[in-house]
Amino acid sequence: MNQGMSIGMDEAFTMFCEGCSPYGPFWDRHLEYWKESLARPDEVMFLRYEEIVSDTPKVIRKLASFLRVPFTQEEDSNGVVEQVEDLCGFTSLSNIAANRPSRVQHEHAGDKLVVDPTSLFRKGKVGDWVNHMSKDMGDRMGQLVAEKFKGSGLIF
Numbered sequence: 001m002n003q004g005m006s007i008g009m010d011e012a013f014t015m016f017c018e019g020c021s022p023y024g025p026f027w028d029r030h031l032e033y034w035k036e037s038l039a040r041p042d043e044v045m046f047l048r049y050e051e052i053v054s055d056t057p058k059v060i061r062k063l064a065s066f067l068r069v070p071f072t073q074e075e076d077s078n079g080v081v082e083q084v085e086d087l088c089g090f091t092s093l094s095n096i097a098a099n100r101p102s103r104v105q106h107e108h109a110g111d112k113l114v115v116d117p118t119s120l121f122r123k124g125k126v127g128d129w130v131n132h133m134s135k136d137m138g139d140r141m142g143q144l145v146a147e148k149f150k151g152s153g154l155i156f
């Protein structure tokens, strides 16, 4: 099996900033979902990682209500929300066999981008990007976020 190509962080970052990703430009896709969540709040839910991490039980309840299966008082008082939080938490998800070292291939326009699933699970901490990006990268990302989402109400 072709293992694809390996690229460094600098090249991957540049490609991402230029809109080259396996699923199309990040900015366009997220802005489209954001706008749909505002236009059709009963059909499209938009969650940010920071929101999920800051109050996970609240987000779990919000998601259950959105899916029209809210927790009953009994479920809430019996700790079902906390059980869902534990099962869907970073530690639990990062230890699932499917998310352990292996190779996953995403095909895009005939080229292959090989992604090791473990690269998707770092620490699960908001702001950990500073340990993986240079200051220049962080500044460029901040400028891109401001430019691409200007006037939308979407903040990262």
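Numbering-wise (the UniProt record's numbering), the sequence shown opens with residue 1 and increments by one.
Where a beta carbon is used, it is the ideal one built from N, C-alpha and C, also for glycine.
What you are looking at is a predicted structure, and each value in this text was computed from that prediction instead of being measured.
Assuming Ile60 and Val84 make a contact with CB atoms under 8 angstroms, what is their CB distance in whole Å?
-> 5 angstroms
How is Cys20 classed by DSSP in three states: helix, strand or coil?
-> coil
Cβ distance (whole Å) where Ser152 is taken to contact Trp34 below 8 angstroms = 6 angstroms
Can you tell which of Arg140, Lys148, Gly24, Glu147 has its C-alpha closest to the C-alpha of Phe13?
-> Nearest of Arg140, Lys148, Gly24, Glu147 to Phe13, Cα basis: Arg140.
Within the same chain, show all residues whose beta-carbon is closer than 7 angstroms to that of Phe16, passing over the 5 residues directly before and after it, in chain order.
-> Excluding residues within five positions, the ones whose Cβ falls inside 7 angstroms are Phe26.
State yes or no: is the C-beta of Arg48 within less than 8 angstroms of the C-beta of Phe156?
-> Cβ distance < 8 angstroms, so Arg48 and Phe156 count as in contact.
Going by the beta-carbon positions, is the gap between Asp86 and Ser92 smaller than 8 angstroms?
-> yes
Which of helix, strand or coil does DSSP assign to Leu93?
-> If DSSP states are grouped into helix, strand and coil, Leu93 belongs with the helices.
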